[in-house]
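One structure below.
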Amino acid sequence: MSQSTYDQLIHSNVGLNQGVLRDVLIPSILGEETSGILYWAGKDLAHQFPVSNEDQLVTLFNQLGFGTLTKQKSSAKQQTWQLGGPIVEQRLKFDHVDFNLEAGFIAQQLELQTNATTEAQVVEQKKNAVQILVQSDLKDPSLDTEPIKFLQVETQSDEGAE
Numbered sequence: 004m005s006q007s008t009y010d011q012l013i014h015s016n017v018g019l020n021q022g023v024l025r026d027v028l029i030p031s032i033l034g035e036e037t038s039g040i041l042y043w044a045g046k047d048l049a050h051q052f053p054v055s056n057e058d059q060l061v062t063l064f065n066q067l068g069f070g071t072l073t074k075q076k077s078s079a080k081q082q083t084w085q086l087g088g089p090i091v092e093q094r095l096k097f098d099h100v101d102f103n104l105e106a107g108f109i110a111q112q113l114e115l116q117t118n119a120t121t122e123a124q125v126v127e128q129k130k131n132a133v134q135i136l137v138q139s140d141l142k143d144p145s146l147d148t149e150p151i152k153f154l155q156v157e158t159q160s161d162e163g164a165e
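Residue numbers (the numbering used here): 4 to 165.
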C-alpha cells in the first residue's frame with residue numbers, strides 16, 4: 004500500500020479496515036477476476052440477507068456500509084439505481100475501484116423479490132456516484148426453488164421501539 008492510499012483511507016468515511024479489505028487486498032488476491040467474483044459474491048451475500056421490498060433494500064444497503072441507494076428510473080423490465088453518499092465518494096477517489104459486489108447484491112435481491120431472472124451492471128462511475136442498471140426477464144423465472152425467509156430490517160424508527 005502506498006502512502007497516498009493509506010492517507011486517503013485513514014481520513015475517509017470508508018475506514019482503513021474496510022478500505023484495505025475491499026479496495027486493496029481483494030483486488031490483489033483476485034487480480035483480473037475481481038469484478039466477476041465480486042459480482043457473484045454480492046449475489047451470494049443477498050441470499051444471506053434477503054429483504055422483501057425495495058425500501059428495505061435501500062435501508063440494508065446503508066446498514067451494510069455500501070452507501071446510499073436511490074432508484075432513479077423504473078419500468079417493468081429495467082431499473083436504474085444510483086449509489087452515492089460519503090463512502091462511495093471516498094472510494095471513487097481510488098484507481099480501479101469496483102462496485103460489482105453492490106451490483107450483484109441488487110440483482111439478487113430484486114430476483115428474490117420478483118422471482119424473475121435479474122442481472123445488473125455498473126454503467127457509469129461519476130465523481131460522486133455510481134449508476135447501476137438492473138434488467139429483469141419477467142418471462143424467465145428464477146431457478147431458486149428454496150423458500151425464502153425475508154429479514155425484518157430495522158429502520159431508524161424501529162430502533163427506539165420495544
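Even for Gly, the Cβ is constructed at its ideal location relative to N, Cα and C. Since we're looking at a predicted model, the values are computed, not measured.
When the distance is taken between beta carbons, is Thr121 closer than 8 Å to Glu127?
no
Tell me which same chain residues have a C-beta within less than 8 Å of the C-beta of Val100, skipping the five on either side of it?
Asp26, Arg94, Gln128
Could you please give the first and the last residue of the uninterrupted beta strand (DSSP E) stretch that includes Asp143?
133-144
Would you list the residues sitting across from Gly87 in a DSSP beta bridge?
Thr71
Where do the N-terminal and C-terminal ends of the beta strand (DSSP E) with Ala119 fall, by residue?
119-128
For Gly45, report the span of its alpha helix (DSSP H) as first-last.
37-51
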